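Each residue of the sequence shown is one higher than the last, beginning at 560 in the numbering used here.
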Amino acid sequence: MIVKLENIFKVYGESGTETSVPALNDVSLTVDKGEYVAIMGPSGSGKSTLMNVIGCLDKPTSGKYIFEDKDVLKLKDRQMSDLRLNSIGFVFQSFYLMNEENAIENVALPLSYAGVPKKEREKRAIDALTRVGLADRVKFRPDQLSGGQKQRVAIARAIVNNPKVLLADEPTGALDQKSGAAIMDLFQKLNDEGTTIIMITHDANIASHAKKTYRIVDGRLYDGLEQEVDDEKD
Ligand code: ADP
Ligand code: ADP
């Protein structure tokens, strides 16, 4: 087990008032090491909120969250951000690359936060870029790369620290079908190499690449199958 959420609730706004929004409603989820999980749901269902909780970017209102052996919600903010920096890699729909910097510099950024010396940073950035199939583009800036290549740079940046979990939020959302399929091939390769992946998407085709699928509807998480049975009843 690497991620274990138990009875997580997240309410935005003051609970009990008219403007309070229950974004996560009794969510429990266990992800084992080496798993490849997709969480599917429509807009507004709570996907970003769940990603922020799993990624230690935000704390839930109540519940329990164990990451490996750590009781995350008992950590101080500083310890929580250390956990995030050392153990979690993020990939987003919009790549969030630095346009003035080349691929090596973009990928090396998390290593400079971790205090890794320059030469070592460069070496590890080139290794990560090689893993994502960009060995021949390491000196290119984002504006010299295609959408799919930009996402590869972002994925290299996410894995350069050897994170325990790769968290991806609509990783193919900004890409055409062909580039998106290539990113799914890359995720498969990373998962085969042992990376645990949690991917959030509204796209059933993309979700089908994962080994296990959950659905989130109005802040409630369902097992993929369980929810399909419910659908048939409607
Ligand atoms: P999704 O990513 O699936 O679109 P979100 O997690 O962004 O869903 O949102 C879930 C619900 O919580 C929505 O009703 C949304 O409007 C609400 N919500 C999300 N973030 C906030 C926030 N910071 N303040 C108030 N409501 C929020
Ligand atoms: P996504 O496209 O991933 O579903 P959203 O557009 O729903 O993302 O939300 C983008 C960001 O805005 C999220 O980080 C979420 O926390 C925040 N957000 C979403 N809904 C609200 C809201 N009603 N009020 C404040 N912040 C919100």
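All residues carry an ideal CB built from backbone N, CA and C; glycine is no exception.
Since this is a predicted model, take the numbers as computed values, not measurements.
Candidates the options, of which the one nearest residue i by Cα
i, options, result
"Lys795", "Ala582, Gly593, Asn566, Gly572", "There is simply no residue 795 to check, as the chain begins at 560 and stops at 793 in what is shown."
"Val666", "Ala763, Ala684, Leu704", "Ala684"
"Lys709", "Leu726, Lys723, Gly732, Leu725", "Gly732"
"Ser653", "Glu729, Ile561, His768, Pro722", "Glu729"
"Asp695", "Tyr672, Asn720, Ala662", "Ala662"
"Leu583", "Thr589, Lys606, Ala727, Met599", "Lys606"
"Gly753", "Thr772, Asn721, Leu734", "Asn721"
DSSP three-state assignment for residue i, whether helix, strand or coil
i, result
"Arg700", "coil"
"Ala733", "coil"
"Met639", "helix"
"Asn611", "helix"
"Gly783", "helix"
"Asp777", "coil"
Per-residue burial, residue i [other beta carbons within 10 Å of its own, 16 or more giving buried]
i, result
"Glu679", "exposed"
"Val580", "exposed"
"Ser574", "exposed"
"Asn658", "exposed"
"Thr755", "buried"
"Arg637", "exposed"
"Ser602", "exposed"
"Lys748", "exposed"
"Thr608", "buried"
"Thr589", "exposed"
"Lys792", "At Lys792, the pLDDT of 45 sits below 50, so the modelled position is not reliable; the number obtained from the coordinates is stated separately. It is exposed - the Cβ of Lys792 has fewer than 16 other Cβ atoms within 10 Å."
N- and C-terminal bounds of the alpha helix (DSSP H) containing residue i
i, result
"Phe746", "736-751"
"Lys709", "706-718"
Terminal residues of the beta strand (DSSP E) in which residue i lies
i, result
"Gly622", "621-626"
"Val590", "580-590"
"Asp686", "It is not in any beta strand (DSSP E) - Asp686 instead sits in the alpha helix (DSSP H) that spans 677-690."
"Asn566", "562-571"
"Ala727", "724-728"
CB contact below 8 angstroms: residue i versus chain B
i, result
"Asn720", "Absence of chain B from the displayed structure is noted, only one protein chain being present."
Task: ligand 1 site residues, beta-carbon cut 6 angstroms against heavy atoms - done: Tyr571, Gly572, Val580, Ala582, Gly600, Ser602, Gly603, Ser604, Gly605, Lys606, Ser607, Thr608
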